[in-house]
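Here's the structure we're looking at; comments come further down.
In the UniProt record's numbering, the protein residues as written are 1 to 805.
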């Protein structure tokens, strides 16, 4: 590192002599300036595929550097070999009759050992069937492909290591002490020096996110507009959302990076997809590609299913043996991770949110119990526990009890039965508070359907939420069945929607200078994709738009001209995805300069928060005191600590913090923090130092937080600083949801949003063609049928409890 620094800094005297400006500065001034070596400058200048480079750079940071990444990939190669060899050994090289003592060894004078049950290698190999050899050949080909991939990764990530060490001045030992925000800031500085992207001088935070999440944003938008995933009607189970790792991999192969994908490279959509005249031709070709992909999955189904079973067995067998109740825990499904994901949200940011929501979500699901199943489980537990206790006691008295046939099997089965019965019996200390817990979940996951409001106590809502947060056993079963179900899902559910995929790409793709083609939803354009019911109304001014739908007028700031929202039902993101994504991105990237419309929306929301805090909102919105109760609800069901209430009281006192533009605020993230705080910074959301240098009042905050969790002297312990951005976002989410439902109440009731969205995708093309650019078809009001009904009463049990109706 010392050598690098010496090569990067030269005396101004030597530099000036080369330029003929020796007399500009005294020779003995000792001034040093930064000089980028020509070899280094050329090395990362004008990179052809910045998408892949930035994506690898993000993974390099999140996976702790070169050594950890390469060690993991090499060990995965050995893991694959182990699974194949060990499975073949168990299937062909073990004499199970001898092992189970069904066949006795002649002239045996000792106990049966494992060596007696192992067939000699030559005899074992000669007994391999054709099916075994075919599986081994396929496995060998797959393994060789993975070896080639790992070798390529070694060169790619070694180049990344040089980039981090040389260009970003980050050594591997410092990597875990830096947040992604700090790495991103240094990358933007390197761009100014070395011009990795030649189309623009300066890369914004949004440009980098677009390149890393280009395809992920498309997937999130398709889920948001109900184009994905498929919903299957299963007898006795009803509607089931099916999205497994296998199906998701096939969809990404088909829609993004496969040989038949609509993208001709990682950043440019094929020109034909922009032409409305070719939509049917493209849909027919895409439908044929889906058909061939479904056939390939059907042919490979036996091999994939065998691998899934073996890998799952080797992965979960020890866990289940050690903790039989582990399958009764819950996890976020693939569908849930896409439905709850913001536009432009990186993996570590999403994981942090869902991890915080895990505790209240588990508590919410656990309060739903069946009295009938509880009675049955208690009695089964009593009987199974009695047998288990007796067998364990006999084993303690005489260990030979374990040698009796099937005793260990019976003990294992009884242990599993006891664990299952305990999972069905509710905690006697549980408190029935579904609305409170659902509010705590909402504060972290940020997205819940409108029709769940006030209905958190119903089993129907619980069943729908279980699609987002299923049992781990259900998740495992879906993954095991995925090789069988995926071909039929591709053929019968994805293939008929080929035309809708083509229309989606044409209507929702925009070209961004220096970035390429991106999903227009990822631009977080509140004018085009926003929903007026998610905007703070300022003075409550509304006026009709040219399309016939109510257009919301956003006050850009005090005294500035209002900005109209020109979106319609087809172009609007569902569930406030545009608005919440904008707020989240603004908070996690506080130095990002948003477009005027986006900044107007954030300023209006910040102004509304200030009005709530000072009690100026009137009866339209609850005062900020109500949000103190919401914060208490968050604290009661999540991992947030006492800093929530401290932040609120500090907000009300409007304590001041140091200016974020001061020189001290630009110090490296984590500097001056105790070593106990370091090591986890790589997974932190946003800049770690932001909450230490933020101005609290939202109307004047230089940080982009709506609530602005300011930190005055003695504000909170340093251990709580990492939660402030999450707390701000949670409170902002609750405020936006309250604003949204306030608009719906004033409009006379709630809409059936999900059914309206589905009906919208089924409209004929002549009603939707060009809707993104030209608005609805002539004669169409732009509203979805069934959305203007005013005879439905307002909710009496709102999700966010408020004294003001």
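Here a beta-carbon is modelled for each residue, glycine too, at the ideal position from N, C-alpha and C.
- [ ] Put residue 118 into one of helix, strand or coil per three-state DSSP.
- [x] For the purposes of this step, residue 118 is taken as the residue at position 118 of the chain shown. Looking at residue 118 - three-state DSSP - the assignment turns out to be strand.
Open item on the list: What would DSSP say about residue 337, mapped onto helix, strand or coil?
Closed with: On the chain shown, residue 337 is found 337 positions in, with the first residue counted as 1. DSSP places residue 337 in helix when its eight states are reduced to three.
Open item on the list: Tell me whether the region 479–494 and the region 348–366 touch, counting them as touching only if at least three CB pairs, one residue from each stretch, are closer than 8 angstroms.
Closed with: The region 479–494 is not in contact with the region 348–366.
Open item on the list: Can you tell me whether residue 559 is buried or exposed? The criterion is at least 16 other CB atoms within 10 Å of its CB, across all chains shown.
Closed with: For the purposes of this step, residue 559 is identified with residue 559 of the chain shown, where counting begins at 1. A caution first: residue 559 carries a pLDDT of 34, below 50, which makes its placement in the model unreliable, though a value can still be read off. Classification for residue 559: exposed.
- [ ] With DSSP as the reference, please indicate the residues paired to residue 816 in a beta bridge.
- [x] The displayed coordinates of the chain run from 1 to 805. Any statement about residue 816 would go beyond what the structure contains.
TODO: Can you tell me the Cβ-Cβ gap for residue 499 and residue 283, rounded? I've got them flagged as a contact below 8 angstroms.
DONE: For this step, residue 499 is matched to residue 499 along the chain shown. For this step, residue 283 is matched to residue 283 along the chain shown. Between residue 499 and residue 283 a beta carbon distance of about 4 angstroms is seen, short of the 8 angstroms cut, so the two are scored as contacting.
Task: Closest by C-alpha distance to residue 368, when choosing among 435, 305, 242 - done: In the chain shown, counting from the first residue as 1, residue 368 sits at position 368. Closest by alpha carbon: 435.
Task: C-alpha gap between residue 525 and residue 194, whole angstroms - done: As a first step, residue 525 must be located in the chain shown, where it is residue number 525. As a first step, residue 194 must be located in the chain shown, where it is residue number 194. CA-CA distance, residue 525 to residue 194, rounds to 31 angstroms.
Open item on the list: Determine whether the beta carbon atoms of residue 472 and residue 329 lie at a separation below 8 angstroms.
Closed with: The sequence position of residue 472 within the chain shown is 472, counting from 1. The sequence position of residue 329 within the chain shown is 329, counting from 1. Yes. Within cutoff.
Task: For residue 194, the three-state DSSP class (helix, strand or coil) - done: Position 194 of the chain shown, counted from the first residue, corresponds to residue 194. Three-state result, residue 194: helix.
Open item on the list: Between which residues of its own chain and residue 445 is the CB-CB distance below 6 angstroms, once the five residues before and five after are set aside?
Closed with: Along the chain shown, read from residue 1 onward, the residue named residue 445 stands at position 445. Setting aside the 5 residues that flank it on each side, residue 445 is surrounded in the same chain by 340, 357, each with a C-beta closer than 6 angstroms to its C-beta; the list follows chain order.
- [ ] Return the CA-CA distance between residue 121 and residue 94, expressed in angstroms with no decimal places.
- [x] Reading the chain shown from its first residue, position 121 is the one you call residue 121. Reading the chain shown from its first residue, position 94 is the one you call residue 94. If you draw a straight line from the Cα of residue 121 to the Cα of residue 94, it is about 10 angstroms long.
Open item on the list: Per DSSP, what are the beta-bridge partners of residue 471 in this structure?
Closed with: The sequence position of residue 471 within the chain shown is 471, counting from 1. The partner list for residue 471 (beta bridge, DSSP) reads 330.
- [ ] Find out if the Cβ-Cβ distance for the pair residue 220, residue 338 is shorter than 8 angstroms.
- [x] Residue 220 sits at position 220 when you count from the first residue of the chain shown. Residue 338 sits at position 338 when you count from the first residue of the chain shown. Yes, these two residues count as a Cβ contact at 8 angstroms.
Task: Buried versus exposed, by CB contacts within 10 Å (16 or more), residue 317 - done: In the chain shown, residue 317 corresponds to position 317, counting from 1. So residue 317 counts as exposed.
- [ ] Assign residue 284 to one of three DSSP states: helix, strand, or coil.
- [x] Walking along the chain shown from the start, residue 284 turns up at place 284. If DSSP states are grouped into helix, strand and coil, residue 284 belongs with the helices.
- [ ] Alpha carbon to alpha carbon, how far is residue 514 from residue 207? Give it in angstroms, no decimals.
- [x] Within the chain shown, residue 207 is the residue found at index 207, counting from 1. Within the chain shown, residue 514 is the residue found at index 514, counting from 1. Looking at the two C-alpha atoms, the distance is approximately 8 angstroms.
Open item on the list: Taking the beta carbon of residue 100 as the centre, do at least 16 other beta carbons fall within 10 Å, making it buried, or is it exposed?
Closed with: Along the chain shown, one-based indexing puts residue 100 at 100. Classified as exposed, residue 100 has fewer than 16 neighbouring CB atoms from the shown chains inside 10 Å of its CB.
- [ ] Just mark residue 807 as buried or exposed, buried being the case when its beta carbon has 16 or more other beta carbons within 10 Å.
- [x] Beyond the ends of the chain as shown, which are 1 and 805, falls residue 807; an answer cannot be given.
- [ ] Assign residue 96 to one of two classes, buried (16 or more other C-beta atoms within 10 Å of its C-beta) or exposed (fewer than that).
- [x] Stepping through the chain shown from its first residue, residue 96 is reached at position 96. Exposed is the call here.
Task: Of the listed residues 528, 63, 287, nearest to residue 595 (C-alpha basis) - done: Stepping through the chain shown from its first residue, residue 595 is reached at position 595. Out of 528, 63, 287, 528 has the C-alpha closest to the C-alpha of residue 595.
Task: Length of the line joining the Cα atoms of residue 66 and residue 159 - done: By 1-based counting over the chain shown, the position of residue 66 is 66. By 1-based counting over the chain shown, the position of residue 159 is 159. The alpha-carbon atoms of residue 66 and residue 159 are separated by roughly 10 angstroms.
Task: Outcome for residue 725 when other beta-carbon atoms lying within 10 angstroms are tallied against a minimum of 16 - done: The residue you call residue 725 lines up with position 725 of the chain shown. So residue 725 ends up on the buried side.
Task: Rounded straight-line distance, which links the Cα of residue 331 to that of residue 384 - done: Locating residue 384 in the chain shown gives position 384, counting from the first residue. Locating residue 331 in the chain shown gives position 331, counting from the first residue. Distance from the CA atom of residue 384 to the CA atom of residue 331, rounded to whole angstroms, is 28 angstroms.
Task: Close beta carbons around residue 250, own chain, < 8 angstroms, minus the five adjacent residues each side - done: Residue mapping note: residue 250 aligns to position 250 of the chain shown, counting from 1. Cβ neighbours of residue 250 beyond the five flanking positions: 293, 297, 486, 490.
Open item on the list: Please list the terminal residues of the continuous alpha helix (DSSP H) segment that includes residue 236.
Closed with: Indexing the chain shown from 1 puts residue 236 at position 236. Neither: residue 236 is in no alpha helix (DSSP H) and is coded neither H nor E.
- [ ] Rank 145, 271, 415 by C-alpha distance to the C-alpha of residue 388 and give the top, closest one.
- [x] Position 388 of the chain shown, counting from 1, holds the residue named residue 388. Closest in alpha carbon position to residue 388, among 145, 271, 415, is 415.
Open item on the list: Would residue 84 and residue 150 qualify as a contact pair, given that the criterion is a beta-carbon distance under 8 angstroms?
Closed with: As a working note, residue 84 is residue 84 in the chain shown. As a working note, residue 150 is residue 150 in the chain shown. Cβ distance not < 8 angstroms, so residue 84 and residue 150 don't count as in contact.
Open item on the list: Out of 598, 593, 590, which one is the CA nearest neighbour of residue 579?
Closed with: Here residue 579 refers to the residue found at position 579 of the chain shown. Among 598, 593, 590, the Cα nearest to that of residue 579 belongs to 598.
Task: Residues of its chain near residue 362, where Cβ-Cβ distance is below 7 angstroms and the 5 sequence neighbours each way are ignored - done: By one-based count along the chain shown, residue 362 stands at place 362. Residues 330 of the same chain have their beta carbon placed closer than 7 angstroms to that of residue 362, with the five preceding and five following residues left out of the count.
Open item on the list: With a threshold of 8 angstroms between beta carbons, is residue 460 in contact with chain B?
Closed with: Absence of chain B from the displayed structure is noted, only one protein chain being present.
Task: Minimum C-alpha distance to residue 523 - residue among 571, 476, 495 - done: Numbered from 1 along the chain shown, position 523 holds the residue referred to as residue 523. Closest option to residue 523, Cα to Cα, is 571.
- [ ] Would you kindly work out how many angstroms separate the C-alpha atoms of residue 224 and residue 574, rounded to a whole number?
- [x] Counting from one through the chain shown, the residue named residue 224 turns up at place 224. Counting from one through the chain shown, the residue named residue 574 turns up at place 574. Distance between the alpha carbons of residue 224 and residue 574 is about 6 angstroms.
Open item on the list: Within 8 angstroms, do at least three Cβ pairs link the region 306–320 to the region 504–514?
Closed with: With the rule of 3 Cβ pairs closer than 8 angstroms, the region 504–514 does not count as touching the region 306–320.
Open item on the list: Going by C-alpha to C-alpha distance, which of 222, 326, 591, 588 sits closest to residue 476?
Closed with: Taking the chain shown and counting its residues from 1, the one referred to as residue 476 is at position 476. In terms of Cα proximity to residue 476, the closest of 222, 326, 591, 588 is 326.
TODO: Pull up the distance between the alpha-carbon of residue 399 and that of residue 391, whole angstroms please.
DONE: Residue mapping note: residue 399 aligns to position 399 of the chain shown, counting from 1. Residue mapping note: residue 391 aligns to position 391 of the chain shown, counting from 1. Roughly 11 angstroms separates the two Cα atoms.
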